[in-house]
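A short write-up of the structure that comes next.
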Amino acid sequence: MSILLMGHPNVGKSVFFNRLTGASVTESNYPGTTIDYTKGYMRIGGKSVELIDVPGTFSLNPKDKAEEVAVAMLHESKDVKVICVIDASKIERGLFLALEIIEQGYPVVIALNMWDVARDKHIKINIDDLSRILGVAVVATTAISGEGIKDLVTSLDDARPVEIDNIITNVGGST
Amino acid sequence: MKKKKLSEVEFNETGIVSHIDEKLKNRIDVMGIRVGKKLKMVTKQPIKGPVVVIVEGANTSLGLDLAQMITLEVD
Chain A
1 MSILLMGHPN VGKSVFFNRL TGASVTESNY PGTTIDYTKG YMRIGGKSVE
51 LIDVPGTFSL NPKDKAEEVA VAMLHESKDV KVICVIDASK IERGLFLALE
101 IIEQGYPVVI ALNMWDVARD KHIKINIDDL SRILGVAVVA TTAISGEGIK
151 DLVTSLDDAR PVEIDNIITN VGGST
Chain B
176 MKKKKLSEVE FNETGIVSHI DEKLKNRIDV MGIRVGKKLK MVTKQPIKGP
226 VVVIVEGANT SLGLDLAQMI TLEVD
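This is how it looks when you write it as C-alpha cells:
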C-alpha cells in the first residue's frame, strides 16, 4: 500500500511529507516547488508504508506538466490511500479537488492544513459537519507546528472509498 | 446592474460572475471561479498584463485573454 499526498500548489504537502517521513524536502513560499515527486517511508501502526509527495494540482484534468505527473501518479498507483491537503483559509477551492478524488473511488482523508492561518483570519469551519457530509475523516492540521498530524495518521486506518451520490444526498442535492 | 468583462473591471471593483465562456469553464472552476461567485479586482498589471482577483479569500491571477472571457455584473 502507498499513501499519496495530494492538493493544490502551496498548501503544505511537502511540509507534511517531511513531518511524516523525517526527510528534508525543499520547502519554499512560492507554489510549484515540487515538479517531480518525492518518495519516502512512514510508520503506521508498526508497519512501514510508502508515502509519496505529489506535485500540486488544481484538478484531475491536467493543465501543465506538473499536474500531468500528479494525475498519472494517482492513476498508476495500486492500492493507494490519499491524504488530500487543503488550505483551510481557502477551503472552497480545495474541496473541488477532494471531491474529484473521492468521485474516482479512492479512499481519502482530508487535512485542513494551515489551520492556524484560518484561525487568525477568523474563519470558522465545522469539521464534524464537513466530515459527516463527505463521509471521510477531516482533520485540522498545522503541518509546520505538527498540530493534528497524529490524528491524521490515525484516521488513515479507517479510510474507505465513498459513493459520490451519498455526498450529494447529504448536501440536499438530487442525483 | 451593469455588465462588464473582467478585463474591463477597475481596481478595487467587485462584481458577481454572470457568464463564463464555454472554452474556459473547465479551466477556472477548479480555482473557484464559477457563475454566481463574487470577485474583487486587486491588481491590474500594465501592458496587457494579468489581473489578480480575490475569490473566496484566495488570490487568483488570470491572463488578460482569460479575463476577457469572463463577464461580471457590477454595481
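Sequence order for the protein chains is A and B.
The numbering used here puts the first residue of the first sequence at 1, with every later residue one more than the last.
The numbering used here puts the first residue of the second sequence at 176, with every later residue one more than the last.
Heads up, the beta-carbon is just placed ideally off N, CA and C, and yes, glycines get one too.
Item, Value
"Three-way DSSP call (helix, strand, coil) for Glu188(B) in this model", "coil"
"For Ala118(A), the nearest candidate out of Gly238(B), Gly224(B) and Gly232(B) (CA to CA)", "Gly232(B)"
"At least 3 beta-carbon pairs within less than 8 Å: the segment 67-85 of chain A vs the segment 2-22 of chain A", "yes"
"Distance CB(Ser89(A))-CB(Lys63(A)) smaller than 8 Å", "no"
"Nearest residue (CA-CA) to Gly173(A), options Leu51(A), Val139(A) and Ile133(A)", "Ile133(A)"
"Reduced DSSP category for Gly40(A) - H, G, I as helix; E, B as strand; rest coil", "strand"
"8 Å CB neighbourhood of Lys65(A) in its chain, flanking five on each side removed", "Ile35"
"Anticipated Cβ contact below 8 Å, Val138(A) with Ser131(A), distance rounded", "4 Å"
"Under 7 Å by beta carbon: chain B residues contacting Lys90(A)", "Glu231, Gly232 and Ala233"
"Identified DSSP bridge partners for Asp53(A)", "Leu5(A) and Thr38(A)"
"Chain-ordered chain B contacts of Lys63(A) [CB-CB under 9 Å]", "Arg202 and Val205"
"Contact with chain B by Phe96(A), beta-carbon distance below 8 Å", "yes"
"Neighbour list for Phe58(A) in chain B, Cβ cutoff strictly below 7 Å", "Val205 and Met206"
"Terminal residues of the alpha helix (DSSP H) in which Thr154(A) lies", "Ile149 to Leu156"
"CA-to-CA distance, Ile222(B) to Tyr126(A), given in whole angstroms", "Note that residue 126(A) corresponds to Asn in the displayed sequence, not to Tyr. Approximately 44 Å between the Cα atoms of the pair."
"Alpha-carbon to alpha-carbon, Ala143(A) and Ile149(A)", "7 Å"
"Min CB distance Arg93(A) to chain B below 8 Å", "yes"
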